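>
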Amino acid sequence: MSTTTFIRTGDLKGLVADLRAAGVGVAGPARTSDGAVDYRSITAFDDVVLDAQPRNSLKQFFLPPTEPLFKYQRKGSDVAILEISATFPPRVIVGARPCDAAAVDVLDHVMNWDYKDEPWFGRREATTIVTFACPGGDRSCFCTAVGLGPDATRGSDLLLVPAGDGYYVEVVTEKGKRLVDAYPKRFGAGAGVDATLSYREKARASVEGHVPARPDVIRQWVQEHFEDPFWADISLRCHGCGGCAAACPTCHCFDIVDEPETLTEGTRRRNWDTCQTSVFTAHASGHNPRADQCGRCRQRVNHKFAIYPARFNDILCTGCGRCARTCPAGQDVTEILNRIVAMATGQGGAA
Amino acid sequence: MTELRELARRLLSEGTVNAVLGWEEGPRGARPAFVTTPDGADRLIFDHRCVHNLASYLSPRRPHLKRLGKVAMVLKPCDARAVAGLIRETQVPRENVVLIGVRCGGVVTDPDSDATLSEATVADRCRGCPDREGKLADHTVGTAGPGFPGPSHRAQKIEELAAKPADQRWAFWQAELEKCVRCHACRQVCPMCFCDRCLADKTQPRWIESSPHARGNMAWHVARAMHLAGRCVDCGECERVCPQGIPLGLITRKIASVVAERYDFRPSDDPAVPAPVGTYRMDDPQEFIL
């Protein structure tokens, strides 16, 4: 797909209204009661806030923090499984950021690895992602170091870039084309790609250079330095709170729990989990292969920049910088990656 | 700053301590620092962005810090309450830590803030704080501004909530706790949450459901509030760390006011004052016992 079109701001408002009138759920970055900006359900395009990176990512739209898998009933020594019928109503996300849209695509690998995760792909197929090119990031952004960029199209169905009195539209996928074709009056002629170039360049300049674009160097160093004292050094300040994993668009680990609701009935659920806690790896015997926070901090970097690349040839990070912004102790992934590149290329790196 | 750095350098070079826990300039503002060499003392800073409660790092639940050996810790007056709590509850032997008190006239809320300290930017817990220096400290350095008058906005919010009928309070907390994703970050940063194995992590039996649904979230936050009764030092770290923006301080502060009213106990920097959870007096209120 490489067609392009244009939508005026007024028509974008109309499009959201059209979608809502057609019974399609619409979500986007909007203000919360505590003053933050989160991706959440919206009632009109006027709710959308585009100048701040949302506090949460898109992952909860596809992997909810808690999700019932099935119900069970015990009868004597038998257990009956009661399926929970899952339906995935159509939904459009308006105002996704390129780093968040890409994250969903990155996660498709693992969700379709040893089995196809039905709820994940059920929601993926029901959801159209309309991404807005990023206006530029802060010092913790580094999307260009992981093969993305403020106007990357990965994971998006449509990419909108501000131009003239509206948005230049790149139609990225068939699903994106279906959305455009369904509302033909909302799209039409307008400013061309040339009108978007300065916006794109300004955004790219604001995030470039924060981390060297050397993912192979990082991967190799991490693979070869499992026992390096670097890990103990960076983990000192870590509280193991897992705030980084909750905020991360690509951290996807989950726990499976059975919750009794009566003496004979209960629900099996899956809930967000994180490798930053001790219980994540605690064995029933009492042994814990990751005895302390050193191993847990290493695991987070290792999984994102070495294990996932080795398995799927893809980096489990989109450079959004949320982990650095959310960390209560000032742990900063850009600093960690810079130190790794410096050590790997023989330019020092000690704190 | 020079006074702080010189003292840290001396403690490290004389071998009094192996590490100094303080603050440094990080990529995103002030952050905790772990200085292990005399030269590293020059990294230390203290200003109104040093909001973190470093006492959390003294908690025995952080085995990866044990390798540092004996440490000195830079101490705000309010953090002294947490250290006193850890000593009071026999988690940290007093002689195991050297406390470098810094005089403090208040901090902001966000360590990444470039705002200057003012009536508009000061952290709510600093409003009305009478302490300019921590009495628990072995050394005290620096100078402090005059502090900020109370009352805190949060205290007013608690009063507003308390004045509402029960169903409205219930609706407020249902809406707030619905946001919780049960990451337990509030527990992890809390200096007073030091259990080796948390009630919420126990699975045989599962006392508190780990799922972030209304039932599990309510059970967790009620349990957390009760376990911090008479122990919370109001450092605000739980609220600062919450990735969902839940006003957790409203819960802990409300409980603290109940404990103050009924048991005449306010967390102080004196570890010798017995904790209400660990003591029994014949005149303790007990009309709730059936």
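Residue numbers (the numbering used here), protein chains in the order written: chain A, 971 to 1321; chain B, -18 to 271. Idealized CB from N, CA, C, for every residue including glycine. Treat the numbers as computed from the prediction; the structure is a model and nothing was measured.
If distances are taken between C-alpha atoms only, which option among CYS1267/A, VAL1311/A, PRO1185/A and LYS1029/A comes closest to THR1114/A?
The shortest Cα separation from THR1114/A among CYS1267/A, VAL1311/A, PRO1185/A and LYS1029/A belongs to PRO1185/A.
> Would you call the region 1099 to 1111 of chain A in contact with the region 1171 to 1180 of chain A, where contact means no fewer than 3 C-beta pairs closer than 8 Å?
Touching, yes, given that three or more Cβ pairs across the two stretches are closer than 8 Å.
> So which residues of chain B does TRP1242/A contact, with C-beta pairs closer than 8 Å?
Residues of chain B passing the Cβ test: VAL162, ARG163, CYS164 and PRO193.
> Between which residues of its own chain and CYS1264/A is the CB-CB distance below 7 Å, once the five residues before and five after are set aside?
Correct list, in chain order: TRP1201, ALA1202 and SER1205.
> Kindly identify the DSSP beta-bridge partner or partners of TRP1242/A.
DSSP, once it has assigned bridges, lists PHE1224/A as partnering TRP1242/A.
> Per DSSP, ARG12/B forms a beta bridge with which residues?
For ARG12/B, which the question treats as bridged, DSSP gives the partners GLU5/B.
> Look up ILE270/B in the DSSP assignment and say whether it is helix, strand or coil.
Three-state DSSP puts ILE270/B in coil, outside helix and strand.
> Taking the continuous beta strand (DSSP E) assigned at MET54/B, which residues delimit it?
That run of the beta strand (DSSP E) goes 52 to 56.
> Between PRO41/B and chain A, is any beta-carbon pair separated by less than 8 Å?
PRO41/B does not count as touching chain A.
> Taking the alpha-carbon of VAL(-2)/B as reference, which of ARG24/B, LYS47/B, HIS29/B and PRO8/B has the nearest alpha-carbon?
For the residues ARG24/B, LYS47/B, HIS29/B and PRO8/B, the minimum Cα distance to VAL(-2)/B belongs to LYS47/B.
> Residues in the same chain with beta-carbon distance under 7 Å from GLY1134/A, minus the five sequence neighbours each way, listed in chain order, please.
GLY1160, ALA1161 and ALA1165, listed in sequence order.
> Straight-line CA distance for VAL16/B to VAL89/B?
Roughly 24 Å separates the two Cα atoms.
> What span of residues does the alpha helix (DSSP H) with TYR1169/A cover, start to end?
Where TYR1169/A is concerned, the enclosing alpha helix (DSSP H) stretches over 1167 to 1177.
> Could you tell me whether the Cβ atoms of CYS1218/A and CYS1293/A are closer together than 8 Å?
Contact flag set, yes.
> Report the residue from LEU209/B, GLY86/B and ARG(-14)/B whose alpha carbon sits nearest the alpha carbon of GLU5/B.
Closest by alpha carbon: ARG(-14)/B.
> Between the Cα of PRO19/B and those of ALA(-11)/B, GLY126/B and VAL78/B, spot the shortest distance and give me the residue it belongs to.
Closest by alpha carbon: ALA(-11)/B.
> Looking at the strands, I want to know which residues DSSP matches up with ILE977/A.
Note: ILE977/A sits in a beta bridge opposite TYR1137/A and PHE1157/A.
> Taking Cβ positions, are GLU1371/A and TYR1042/A nearer each other than 8 Å?
Examination of residue 1371/A is not possible in this model, given that chain A is present from 971 through 1321 alone.
> Which residues, taken in chain order from the region 166 to 196 of chain B, show a beta carbon closer than 7 Å to some beta carbon of chain A?
Within the region 166 to 196 of chain B, the residues whose Cβ lies closer than 7 Å to some Cβ of chain A are ALA166, GLN169, VAL170, ASP182, GLU190, SER191, SER192, PRO193 and HIS194, listed in chain order.
> Quick one: list the residues of chain A neighbouring PRO13/B, beta-carbon separation under 7 Å, in chain order.
Result: ARG1207, ALA1299 and GLY1300.
> Go ahead and label VAL1049/A buried or exposed: buried means 16 or more other beta carbons lie within 10 angstroms of its beta carbon, across all protein chains shown.
Counting Cβ neighbours within 10 Å, VAL1049/A comes out exposed, since fewer than 16 surround it.
> In three-state terms, what does DSSP make of LYS183/B?
Three-state DSSP puts LYS183/B in coil, outside helix and strand.
> Report yes if the CB atom of VAL1181/A is closer than 8 Å to the CB atom of LEU982/A, and no otherwise.
Contact flag unset, no.
> Going along the chain, which residues of its own chain have a beta-carbon closer than 6 Å to the beta-carbon of THR1057/A, five neighbours each way excluded?
Here the set comprises nothing.
> Where ASP1075/A and ARG43/B are concerned, what is the direct C-alpha to C-alpha distance, given to the nearest angstrom?
When rounded, the distance between both Cα atoms is 36 Å.
> From this set, GLU1088/A, GLU1231/A and PRO1059/A, which residue's C-alpha is nearest ALA992/A's C-alpha?
Ranking GLU1088/A, GLU1231/A and PRO1059/A by Cα distance to ALA992/A puts PRO1059/A first.
> How many whole angstroms separate the CB atoms of ARG1156/A and ILE1012/A, which I take to be in contact at a CB cut-off of 8 Å?
No, ARG1156/A and ILE1012/A are not in contact; Cβ-Cβ is about 17 Å, not under 8 Å.
> Round the Cβ separation of PHE1091/A and ILE1063/A to the nearest angstrom and send it over; I've been treating them as touching at under 8 Å.
Not quite, the Cβ-Cβ distance comes to about 16 Å (not below 8 Å), so this is no contact.
> In chain A, what lies closer than 9 Å to ARG221/B by C-beta?
Ordered by position in chain A, the residues that pass the 9 Å Cβ test against ARG221/B are PRO1298.
> Applying a beta-carbon distance threshold of less than 9 Å, which residues of chain B neighbour CYS1111/A?
Those within 9 Å of CYS1111/A in chain B number zero; the least Cβ separation is about 12 Å.
> Have a look at LEU985/A, THR979/A, ALA1314/A and THR975/A and flag the residue whose alpha-carbon is nearest the alpha-carbon of TYR1153/A.
It is LEU985/A.
> Please classify ASN77/B as buried or exposed, where buried requires at least 16 neighbouring CB atoms within 10 angstroms.
Result: exposed.
> For THR940/A, tell me which candidate among PRO1230/A, GLY1213/A, ASN1272/A and LEU1233/A has the shortest Cα-Cα distance.
Any question about residue 940/A goes unanswered here, given that chain A covers just 971 to 1321.
> Quick check on ASP1228/A: buried or exposed, where buried means 16 or more other Cβ atoms within 10 Å of its Cβ?
By the 10 Å Cβ count, ASP1228/A comes out exposed.
> Check for me: the alpha helix (DSSP H) holding PRO1279/A runs from which residue to which?
Here the alpha helix (DSSP H) through PRO1279/A covers 1278 to 1282.
> What residues from chain B crowd round ARG1239/A, counting only those whose CB sits closer than 7 Å?
Under the 7 Å cutoff, chain B gives SER192.
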